[in-house]
Each structure stands twice: as structure tokens, then as C-alpha cells.
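**Student:** Going by full-length UniProt numbering, the first residue of the sequence shown is number 1, and it counts up by one from there.
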Amino acid sequence: MRQLNFPTYSFRLKNSENKIHIFDVIRKKFVVLQPEEWVRQHIVHHLIYDKNYPRSLVNVEKQLKLNDLKKRYDIVVFNPDASIEVLVECKSPETKINQTVFDQIAIYNMNLRANYLMVSNGLEHFYCKMDFEEEKYTFLRQLPDFSR
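Printed below as a string of C-alpha cells:
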């Protein structure tokens, strides 16, 4: 897999049925290693090991309902009170981060109301802090560390 713009992490990999699988520490199982999954696993490790978010508060690839549509978010980090601290949208390194990607995470966040958003293709990362009262967001250089 391609080198990403993250620190180097140790991943558990295995070859099964002629496909490489990576161990997901959140789902506690091996999943097929696709380019977007490579990015997702790097972000999960970044959140846990670099930003100190407790593993128990990180959730990966769950379904959510938007109006009558069923969608899947990539990563959500909860606060201890079950509100959402961070919503992450992962793309493969080949996918350009453009307005369509930002629109997708914004639509998801209309329901989820995360305090912070992260969009990444593993090479470029964008971070925003939401201000729901003022109905605006501010771009950040990085996500804050977990501090509770």
C-alpha cells in the first residue's frame, strides 16, 4: 500500500483467500485491505495513539439514517456523555478532496452534530471546528488532543 501522510504505525496483516487483510482494533476483526481502509486504519491509530482518544469512544463504519436514506459514516469519536466529538470522512489516496467530499460530511453532520470534522485521503487532511450557534465552521491545523 501507498505511504500516507501519517506517522508509521504497526498493523497486523494477514493473507487470506489471496487478499491482504488488516486487523481493525475497533471492530476487533480482520477486514479486506482496500485503499480507503488503509486510510481509515491510519486515522484510527492517529486518533488513539497520537491524539489520545480512548479506543472505547471510537466507532467505525456504522449506518446512520438521513431522512429516508441509509448512509455509513467512516469514523466517529464520542464524548463520554455520548455526544459526538469528531466525525471523520475517509477517502482513498487516489480521491481528490473537493467540494463534493465536504458536502458529504456536512450532510452527515446535520444529523450527528459533531464538534469537529476531519476529511482525509491519507495524503491531505482537513480539520474544522463547528460553531452551531453562529452556523459556521473554522478550519484548524489539527484536531485537538483528547482532554477529559
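The beta-carbon is built from N, C-alpha and C at its ideal position, and this holds for glycine as well. Just so it is clear, the structure is predicted and the values come from calculations on it, not from any experiment.
Write down the C-beta distance between Ile97 and Lys91 rounded to the nearest angstrom, noting that I regard them as a contact closer than 8 angstroms.
**Tutor:** Sequence index remark: in the sequence shown, residue 97 carries index 97 (1-based). Sequence index remark: in the sequence shown, residue 91 carries index 91 (1-based). At roughly 7 angstroms, the Cβ-Cβ gap stays under 8 angstroms, so Ile97 and Lys91 are in contact.
**Student:** Looking only at its chain, what residues have a beta carbon closer than 7 angstroms to the beta carbon of Leu143, apart from the 5 residues adjacent to it on each side?
**Tutor:** Along the sequence shown, read from residue 1 onward, the residue named residue 143 stands at position 143. Within the same chain, Leu143 has close Cβ partners Lys51, Val86, Tyr116, Met118, Tyr127.
**Student:** If I measure Cβ to Cβ from Lys37 and keep anything under 7 angstroms in the same chain, skipping five residues before and after, which residues do I get?
**Tutor:** Here the question's residue 37 lines up with position 37 in the sequence shown. The amino acid occupying residue 37 in the given sequence is Glu; Lys does not appear at that position. These residues qualify, in order along the chain: Ile22, Val31.
**Student:** So, is Asp74 buried or exposed, given that buried needs 16 or more other C-beta atoms within 10 angstroms?
**Tutor:** The residue labelled residue 74 in the question sits at position 74 within the sequence shown. Asp74 is buried by the Cβ-count criterion.
**Student:** Check for me: the alpha helix (DSSP H) holding Asn109 runs from which residue to which?
**Tutor:** Position 109 of the sequence shown holds residue 109. Note, Asn109: alpha helix (DSSP H), 99-112.
**Student:** Shortest alpha-carbon distance to Asp24 belongs to which of Val39, Asn18, Lys71?
**Tutor:** Mapped onto the sequence shown, residue 24 falls at position 24. Checked all of Val39, Asn18, Lys71; the closest Cα to Asp24 is Val39.
**Student:** Quick one: what does DSSP say Ser16 is sitting in, helix, strand or coil?
**Tutor:** Numbered from 1 along the sequence shown, position 16 holds the residue referred to as residue 16. Correct three-state label for Ser16: strand.
**Student:** Please check the pair Gln34 and Phe11, which I expect to be a contact at CB under 8 angstroms, by giving their CB distance rounded to whole angstroms.
**Tutor:** On the sequence shown, position 34 is the one that residue 34 refers to. On the sequence shown, position 11 is the one that residue 11 refers to. 14 angstroms between Cβ atoms; not a contact.
**Student:** Report the option in Lys62, His125, Arg113 whose CA atom is closest to the CA atom of Glu133.
**Tutor:** Indexing the sequence shown from 1 puts residue 133 at position 133. Glu133 has its Cα closest to that of Arg113, out of Lys62, His125, Arg113.
**Student:** What residues are listed by DSSP as bridge partners for Gln41?
**Tutor:** Position 41 of the sequence shown holds residue 41. For Gln41, which the question treats as bridged, DSSP gives no partner whatsoever.
**Student:** Taking Leu47 and Val77 to be in contact with their CB atoms under 8 angstroms, please state how far apart those CB atoms are, rounded to whole angstroms.
**Tutor:** Position 47 of the sequence shown, counted from the start, is the residue given in the question as residue 47. Position 77 of the sequence shown, counted from the start, is the residue given in the question as residue 77. Sure, about 6 angstroms apart at Cβ, within 8 angstroms.
**Student:** Give me the Cβ distance between Tyr140 and Leu4, rounded to the nearest whole Å; I'm assuming they're in contact under 8 angstroms.
**Tutor:** Along the sequence shown, read from residue 1 onward, the residue named residue 140 stands at position 140. Along the sequence shown, read from residue 1 onward, the residue named residue 4 stands at position 4. Here residue 140 turns out to be Leu, not Tyr, going by the sequence shown. Not quite, the Cβ-Cβ distance comes to about 20 angstroms (not below 8 angstroms), so this is no contact.
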